[in-house]
Structures are given as C-alpha cells and as structure tokens.
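Below is one structure, written out as structure tokens; the observations come after it.
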Amino acid sequence: MSAVIFRVGGLLVPRHANQLPLKKGKKTYYKSFLLSCLLFPSLEVLGVGFAFCLLPSVLAQIIPDATLGSEGSRIIEGLEIQSSLGDSKALPLRADRIEGGALRGANLFHSFLELNVLDGQRVYFANPAGIENILSRVTGSNGSDILGTLGVLGEANLFLVNPNGIVFGPNAQLDVAGSLVASTENELNLSYGSSFSATNPEAPQLLAINVTPGMQWETSEPQAAIVSQGNLAVGQDLTLAGSRLTLSGQLQAGRDLTLLATDTVKIRDSTNHPFIAEADGELLVQGNQMVDIFALNHPDSGLFSGGNLVLRSANSIIGDAHYWSEGTFKIEQLDSNSGSWLSPNDPVIRANGDVSFDSYQGASLHIFAGGSVKATGDIEITGADATNGIQETVTLSDGTKVEIDGKNEPTLDIRAGTNAFGTPVGRTGDPEPINFTDNNTPSSADITINGTITNNQGLVFLTNQYQPNALAGNITVNNIDVKLRGNNIGNGGSIVIDSHGNFTLMGIMIASTFGEGDAGDISIQASGAVELDGADSIIFNNVEAGGVGNAGNISIKADSFSLTDGAQLISTTFGEGNAGSISIQASGAIELDNSNIFNDVEAGGVGNAGNISIQASGAVELDNSNIFNDVEAGGVGNAGNISIKADSFSLTDGAQLSSSTLGEGNAGSISIQASGAVELDNSNIFNDVEAGGVGNAGFISINADSFSLTDDAQLSSSSFGQGNAGNISIQASGAVKLDGLNSVIFNNVEAGGVGNAGKISINADSFSLTDGAQLTSSSFGQGNGGDINIIAPNSVTLSHNGRILAETSGSSQAGSVTITTPTLALNGGAQVSTTTNSTNNDAGKGGNINVRANTLNLSGTETGLLGETQGAANAGNLLLKPYSGDDLQVNFTEGAKISASSSSTGTGGSLIVSANDSITLSGDGKLSAEANNGGSAGNVEITAPLVNIQDGAQVTVSSPSGQAGSLSINADSLDLNQGKLTAITGGNGSQLGANINLELADALFLSNESLISAEAIGEANGGNITINLTSERGIFVAFPSMGENGSDIIAKAEGGNGGRINITSNLGLYGIQEGKAIDGNGTNDIDASSDFGISGQITINSLAIDPSQGLSELPIDTVAPQLDQTCSPTGSGRNEFTVTGRDGLPPSPTDMLSSQRAIADLGTPTNPTVTQPTSTTNPTSSPEQLVEAQGWIIDEQGKVFLTAHVPSSNNQGAWQPQPSCQADFSGKS
C-alpha cells in the first residue's frame, strides 16, 4: 500500500501507514494508531495554507527532552484525576499526569520536545507541595496542539512556551486553578538576568528564581501564532502571547486576562458559537500592528472585564463587539496614548469607569460609562447597524423623550456618569461569570470630544444625565456635523446634549440641509453653564443654498449660557424652506460678549425665519454682540419674533437686537420682559422695514422694573421701505430714562418710506429725557406718523435739550403726543413738539399735544410744549388738563413757553387748557397760539372756575403778519397778578383783529402791572376785548399799581382802527378807568385808541350804581364843613363819626369793611377842641339849636348830604345812625 505524505510543521505524516516512526532520544519507536483527519480552517496563521490531517498519536505526544538531565519530565498515563475547577463531587476522570521536572525554590521546570494534548485527552501537571509556578518549554520544532484538557493538579501557575506556535482546538479546555501563560516567545525571562529558553535550552540555575505571570519577553518577540477555539478558563490570570492571536472561543480569567500579539490579535465569533473574553480583573487586548475584532454574530458574544479593559495597538483598532468593563475602557497606542478605532458595524461599550480613545470611524457607536468619556480625535459615524444597533427611549433631565435607534439611524450614543448597564450577557458555567456591580468610583462624568463628530443624517446623543446620579460632569466638544449633504434626499441629523455640569463648544456644530429634506434639531441641556467661546465656536442649523427643506430648531437649557469672543448661534435659510427657531433658557445668567445670534432669511432664501426666545432667571447681557432675526435683501419670507425674559437685560458697547426686513416679508416682533432693569448703552434695538424692504415692521414691547437708553443708544421701529412701522411699548414699575445726545427712540416713516409709523407708549413710575435724548414718532415719507403716549404716576422730566417729537412732511399726518403725569418738568431747552412740514393744506396735519398734569414746570428760552406747522398744513392742538384732582399749575421761568404755532402759510393749532377747580400760570413764560410769516394763529381756550395768571406769565394769540386767533377764558374768577393776556395781529386793513373773550361769573382782578391787550400791528384793526362778569355778584377790581405802570386793558392799533372793549360787570368796575395807557403813568387804564386810525369803542355795562361816579376828591381835613364841632349833649356819653373817604368797599354788600383793599388814607382825625362857657355880664344871644343828623343821601352828581330825618326812599347811599348821639362837654372821655 502506497502512502501519501503530508507535512505537519516539521513532521512528515504518511496517510495510510499503520505505523509511524517516533523518535525519543536517540532511539526510534513505532506505535500503531487510527488515523484521524482534522480540518483547521484558520491554521493559515501557522504558515499552513492548506487542509491537513493530524494524527491522534502525534497530537498526543508528550516527549520530554534531555535538557534537564536527571530532572527530566515523566508522563504517567491512565490515572483517575479529579478536576481542579469543576465540581468537587464529580467523579474523577481518566487522565495523564506529568511529573518530574527541575525544582528551583517555588518553581518547577519542565522541558519537552513535543507537548500536545489529544481531543478528549486530559493531561495534568503534578503540583508538588510548595510549588507556585510550573514552567514548561517546547524545544522541538513543532507547535503544541491542545485539543483536550490541560490542567494543573493544584494551585500553581502554569507557563507554556513554544516558539513554534500553540493551538487550542475547539474542544480545548484548561483546568488551572492558578494562572496560565501561553507564549510563543523564545524564552521566559527570570530574575537576576536569567532566562528559561526554548531555543537555547539550558538547565535552570540553582538560584531562587522569581517568576511573575504575564508577558515575559524583553529581548525577543514571539515569531509564531496562538490559535484558540476552545473554552479556556483559569482561576487566576490568563495570558496568551504570540506573534499573532487568532481567537474564536471563550477565554475566562478569575483575575486578569491578557491577549498579546507582536503583530495582530484577531477575534471572531459565529452565529452558533459566541466569542467571550472575560476577566474578573483587568482585560488587555494588544496587537502591536493590529487588533481586529468582530464579535457581533452571536448575542452572547462580548468582552467582559471586572477591572479595566484596554485595546492597544500602534494602528487603528477594529473593534466590532460589545464591551463590558467594571473599570475603565481604553483604546490605546503602544505608548499608552489614546488610540484610534474602526468599527464597520456596531460596537457597544459599557464601563463603570472612564472610557477613552482617540478617534472612531464606523457604524452606530453606543457608549455607557459610569465615569467620563474622552475622545481626543474625530468620531465619524458611517451608518446604522440593522442587526445589533440599540433601540430604546431615553428620558432627558427635563422629561423630554429621545428615541435611540441605532438599527435604522446612524447613531453616536454616549452616556457618561451612568450605572444603567443592564445585565451582561455571555458565558455560563465554571468558573462563575463576572458579577458586574458598581464598585468603581470614577472622579467625574465628563464627556470630552476634542475632534470632530461627523454623523451625516444621524443622531448625536451626548449625556451625563442619563439615569441621573450624583456624579457631576461637563461635556466639551469641538465640532459636530450631522448635516444633510448636497444631492442627498432625506432629513439631516439631530444633536441632543444633556449635561450634568457644563457644556462647552470649542468648534462648529452643524445640523443643516444642503439637499432635499429637513435639517435636524439641536438640543443642548446643562445643569451648569453652556459656553461657546471663540470665533470658531458656531452652531449652524440652516437651509443652505441649493437646499430644499426646513432648518431644525436650536434649543438650549442651562444654568447659564455664554457666547464669547466671536462665537455664533445661527439658524437661517439660504435655500427654499423655513429657518428654525432658537430657544435659550437659563436659571442663571445669559451673556453674549462680542458674539452673535442670527435667525434670518438670507439673500436668495425663500421661507420664513424662526423665532428667537431667550429666558433667564438672572441677567441677560449683550456686550458688543448682536441678535438678528431679519429678512435680508434678496430674501423672501417673514422674519421671526425675538422674545427675551430675564431678571435684567442690558445691551452695551454697540450691541444690537434686530428683527427687520430688507427683503420681501414682514419683520418680526421684539418682546423684552425683566423683573429688574432693561438698559441700552451705546447700543440699538431695531424693528424696521429697511430701504428696499417690502413688508411691515413688528412691534417692540419692553416690560421691566426700569428702562434706560444712554450714550447714543437707539430703539427703533421704523419704515424706510414699503410697509408700516410697528408699535413701541415700554412699561416700567420704576423709571424710564433716556440720556445722551443721540439716545433716541424712533418710530418713523423715513424719507422714501411708504407706510404708517407706529405708536410709542411708555408707562412708568417716572420718565426722563436728558442731555439731548429724543423720543420721536414721525413721517417723512408717504404715511402717517404715530402717536406718543407717556403715562408716569410720579413725574415726567425733559432737560438739557431732551426732545419728544411727532413730525410729518408731505401729505402725511403727524401723530399726537399725550403725557399723563402729576408733574411735568421741562428745562434747558427741552421740548415736546408736534410739527408738520407738509405743503398740502388738505393733508399733512400736525399732531396734537395732550398733557394731563397737576404741575408743569418749564424753564429756559428754548424750552416748551410746541405744536407747529412749518408748511401749508394745519398744526395740531395743545390740550392741558390736570392729572388728578382739580387743579392745574403751570410754572414758567426764563422765557419758557407752551405754544401752538404756524411759521408758514398753514394755520396754527389751538391751545386748550381746562381744569375742574383752578388753573394757575406763573412765572416768566407764555401760553401762546402764534403765527409767523403770514400764517394764521389758532385759538387759546382756558376753562376753570378759578384762573390765576401771575408773576410775569403771559397768555397770547398772535400773528404779526397774519390772522391771530382768539383768546378765551371761561371761569368764575380770573386773577391777573403781573399777568398778561395779549392778542396781536398784523397785516393790511382787511385783516380782522385778534379777540380776547373773558366769560367770567364772579370776579376779575388786575394787579401789579397786569395787562389785557388786543393789539394790531401795521394796517390791521385792533382786536376786540370782551369781558363778561355774568353773576349777580360779578365785579371787576383793578388794584393800585405797585410799580411804574398800572394794570391796563388795551385794544390799540397802529394804522388801523382801535378795537372794541366791552365790559359787563354786575357790581361794577373798581380801580380802573378809561384813559390812555401810557408807560410809566402808574394808572390802571382802559384804552381803545389808534395811533393813526380811528379809536375803538369802550363800553362798560354795570347793573349796579357805581359809587365812584361823581365823587369829589376829599380834602386832607377829615371833618365835613357841614357839621359843627359840637352838638348838644344829651347824656354823659361821647359819640364819634369819622369819614374815611372813598374806596374801602367790601367784595359784596353783605361783607364787612376791610382795610386790605382800596382804602385811601385820609389822615388822622384831630381831637376836638372843647370850649368851656365863661361867666360874663355881657348880654349874648342864645345860639341856634343844632339838629343831629339822622342819615345821608347822595345826589345824582355824587354829592353827599346829611339829613335830619331818615330818608323815606330806599336809597343805597342812605345811612342811619344809632338813636343816641350824646356829646359830653364835661371833658370826660
């Protein structure tokens, strides 16, 4: 029979031989056997590239060599041996035992030419007492094939060294209670520089030798491979070290598991046989050139470590498997720096400790870490894993649900700081599987990605809040890219970040669409701060140019949020679709420093911008930063709204907040709410229709404790294009302050604009405009100006050129200004003004000024409330009323004024002042309705029960070259105390004069050089003055002058005729008379003269007798000559009668005499001379008996006559004394 020879290693095997030569020592033995053919599909690692047959007797060879001399190894066959790791009650099984060897301290050395274990064979090393390590080497040229059971009869560690390779077959098992080191290195390095070499065999030295299980090579590296297909389990450490490791079975170590290859570690499982690598301690897989793991075919496959789990290689590790680590998980390079990682399928990492690697590329990656996760390089997710991807619903810290679907969606799923690992799958049996418990105590739950995360159209989920625990941590990433790329169809990816500490973005985060489909959402949550720092820190969620679809939303929730040093947050559309919304919420502060938030419809974009919502329990601060929500030029769509709610809000150093339209579409609204202050300093809020824009501006609403606009800050809702400006509303429980030359609130239709301006409403405790600040609502284009409404329960103050303006030009109508406050103060050139420059007298009317205030304080020559027309249109009216109560006080100083005027051909507005009780105008200033340059002035109407005009205050209607209006006062009482009522008109003789109408019920008082004047200039006729005192007690009193001039009533003219003066008083006129009003005459005069024309008429109607008519000037002597110095004494009493002269009348007949008004001093009465009768003898005639006067009468000329009887007529001039008139001539007083 012929024989077929196969080569197995260095051994020639004849196929059909019944006997094979076996060499042992120098002799050849022949042993019969039954040929068995085994197929090893993966022995290519041994250098055998073809199928071969292994002969059972050959594989069973255990041939000691002669290197140990008399201490050589011996094999005892056919023993009954109990398993070291199995059930102690199990029956012993047949086995072979290896004895002998060289004892060196606690070490036992064996040396073999061949060491093989047959399939089903059990071979054990004897473990003499005191032996801790059993070291065996194979010095022959063949590898070792362990197809059965290899064990140790004790707890010693077993070292197996074969430089030619080691194969653990599919049924191979280890029965080792200690550790096993299987190595294909040349030698084992021992202590003191010695070694136990298989290639240069020598007997071990007779020295105490220390051997530590684990990797032993130093000067040499393994050249052959180790193949393991069996179930290798040891009680302590398990180490496999070779040039290449090919592993497909199960490996279990009661302590550490170390898999080392100078070239490649290759791990595979199958659908029927899992690969399991399990260590109660550390697990290290190191392939110097490559680690190649695919263990996803079987659900029980995986790498499990009770301690740290490390994959180490100089090159990228291929790691498709599920990993469980009680400690840390690391991908390392040979120098222990982080290594890169490839996984075409779907790895899953579960580690109670930290997870670290450099970079990753592959399918969906799931990482569960009890500690931190750090990737120093890039992470690229290339697709989903339809077979092994994780599918579950995750609840975020705010209750939001996130769907994790690694099977259908490319997914990066990193969860740090969690102990929610579930139960490890894997091997069962002896030894017991690892019991994974949370005994690890990592220091943090940080997630750090220093490179770029790329997951096109996938999900990036980073959290250390999953299954919340006490371990805080921060999340820091560089770049994240989940965009939908151009020419692709479908939706872009989403980004979800939930941090138990801070979140920091150092690079770009993009979830945009360049293709056909929607971009994904970006959601960031942090219990600490969210920080974007640097010009490269940008979050994009856009519809890019060429893209068709909607951008996703950006949502940020944190304790605090900051964009600094050029960072940006952007959700815009350049293509066809809507931009997403941006929402930022913080329990603390939100800060933008030199950074931007954009949510726009850009040029070429067709779609709407999203909304921007910012909420903070602390402050929101923008410093040299911008928030834009605009429709840019060339864009088509509506801008979104901007909403800010915070404890306080500030814009400083050029910061801007804008929701405007420059394209085709409406601008959005801007809403700011703050429980504290809202401050704009050298910054702007814009809500405009810009030039070229077509659409309406939105409203601006601010609600705060206080609001300030300083240092050139501006707030604007205006129209420069085609559309209406929006409304501006500011409400503050405290003060609203505008300060600075260019600090302005605008609500305008600008030149070229077509549309109406909006309204400005301010409701605050107090309001102030200082140092040139302005509040303006105007129309300079085609559209009406808006109204301005200010309500301040404390005060409104305008100072140092502060302005409130409502202006219009063209055919537009200006808005009105309404101010409601207890105290309105204007000083230093401050003005409230409504002005029209319109050339159209049928349109373009100026707005009204409505003031409701108890007190108005106006100071300064240029200071005033001004309603004006500078064109052909009519000016608006001015209306003044009290804020509350019934009294209105207007205090002027330094020439301030309240004026309704015309400086062109238009008609000036009217000025209407009313109060329920009193109106007081006081100080150096005037209330006027004026016209210049030929225009017509409006009217002045004052209505109140009591009107006081004093201390230089003036009320005037005037048009020096045109028609003045009328001045009307309706009151019960009018008191002019150094006050003036004037009406001035000018022009040719056809002009009508300006009129003054005083409709008074009770009294008119003039004092201290007061003036009522209707004056005509040039050829105009003097105006008329009508004074009606209509009540029964109506009286007109002019008090004597205290200065050079008296108090006058004048209706004069220059070239025209004098006006008419009509005075009606029930009780008459006192202290004033008709006469020429000449400066310095010191008299109170009524004058209706004309310098060159006909004097006017003076008509005085009095329903009562005028006691001053016809009275003669009294002499200094106070005793009337009609009375004798004595009268017949009728008793012991003494009577006196004193004539006090004229005046001294009480206000009414029923009142007492008073010396306070109009009592002339007639001198002191002289004491009467009493003449005593003397005795004389000369005869005398008796004097004629005098009759005591009993009364007086006044004749029609005003002369007073004493009468001896009581007049019978009911004459008001009669007076009746008491019945008794007794003169005492005794000299007694």
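Just so you know, we're using the working numbering here: the sequence shown kicks off at 3 and counts up by one.
We treat Cβ as the ideally placed atom computed from N, Cα and C, and that holds for glycine.
As the structure is a prediction and not an experimental result, all values here were calculated from the model.
To the nearest angstrom, how far is it from the Cα of LEU162 to the Cα of SER315? 24 Å
Apply the 10 Å Cβ neighbour rule to ILE1096 and answer buried if 16 or more other Cβ atoms are within range, or exposed otherwise. exposed
Beta-carbon within less than 8 Å of SER272's beta-carbon, same chain only, minus the 5 sequence neighbours each way: which residues are those? SER250, ASN299, HIS300
CA-to-CA distance, THR820 to LYS1054, given in whole angstroms: 38 Å
Here's the rule I'm using: 16 or more other beta-carbon atoms within 10 Å means buried, otherwise exposed. How should ALA966 be labelled? buried
Is it true that the CB of TRP343 sits closer than 7 Å to the CB of ILE333? yes
Give a yes or no on whether the C-beta atoms belonging to SER938 and GLU896 are separated by under 7 Å. no
Taking Cβ positions, are GLY1061 and ALA1016 nearer each other than 7 Å? yes
Buried or exposed for ASP1089, going by 16 or more other Cβ atoms inside 10 Å? buried
Three-state secondary structure (DSSP) at SER1009? strand
Less than 7 Å between C-beta atoms, sequence neighbours within five positions excluded: which residues of the same chain meet that for GLY1082? GLU1046, ASN1047
Taking the C-alpha atoms as reference points, what is the distance between THR865 and ARG805? 10 Å
Under a three-way DSSP split, which group does GLU73 fall into? helix
Where do the ends of the beta strand (DSSP E) carrying LEU624 lie? 621-625
Reference ASP1050, options LEU1031, GLY1073, GLU604, closest by Cα: GLY1073
Would you tell me roughly how many angstroms separate the C-alpha atoms of ILE790 and ALA447, rounded to the nearest one? 56 Å
Taking C-beta to C-beta, are ALA693 and PHE722 nearer than 7 Å? yes
For ALA1232, count neighbouring C-beta atoms within 10 Å of its own C-beta (all shown protein chains included) and say buried if the count is 16 or more, exposed if not. The question about residue 1232 has no answer here: the residues shown for the chain are numbered 3 through 1231.
Less than 7 Å between the beta carbons of GLY783 and GLY755, yes or no? yes
From ALA641, GLY568, ASP977, pick the residue whose C-alpha is nearest to that of VAL603; which is it? ALA641
Once DSSP output is grouped into helix, strand and coil, what is the label at PRO884? coil
What are the boundary residues of the beta strand (DSSP E) that THR799 is part of? 797-801
State the CB to CB distance for the pair GLY787 and GLN815, rounded to an integer number of angstroms; the pair is presumed to be in contact (CB under 8 Å). 7 Å
Is it buried or exposed for GLN1234, if we count other Cβ within 10 angstroms and need 16 for buried? Past the edges of the chain, shown from 3 to 1231, lies residue 1234, and the structure says nothing about it.
Helix, strand or coil for SER573, going by three-state DSSP, please let me know. coil
For the beta strand (DSSP E) holding GLN716, just list the boundary residues, first then last. 716-718
Straight-line CA distance for ILE392 to LEU624? 43 Å
For HIS502, three-class secondary structure by DSSP: coil
Close beta carbons around THR574, own chain, < 8 Å, minus the five adjacent residues each side: ASN544, VAL545, ALA553, ALA581, PHE600, ASN601, ASP602, VAL603, GLU604, GLY607, ALA611
Report all residues from its chain with a CB closer than 6 Å to the CB of VAL267; omit the five preceding and five following residues, and keep chain order. LEU247, LEU261, VAL287, GLY289, VAL293
For ILE64 and GLN254, I'd like the C-alpha separation in whole angstroms. 26 Å
When we look at the beta-carbon of ALA68 and count the other beta-carbons within 10 Å, is it buried (16 or more) or exposed? exposed
Simplified DSSP assignment, three categories, for ASN698: coil
Counted within 10 angstroms of its Cβ, other Cβ atoms place ASN876 as buried (16 or more) or exposed: buried
Would you report the Cα separation of ASN173 and GLU82, rounded to the nearest angstrom? 20 Å
Suppose contacts are defined by Cβ-Cβ distances below 7 Å. Is GLY590 in contact with SER564 by that definition? no
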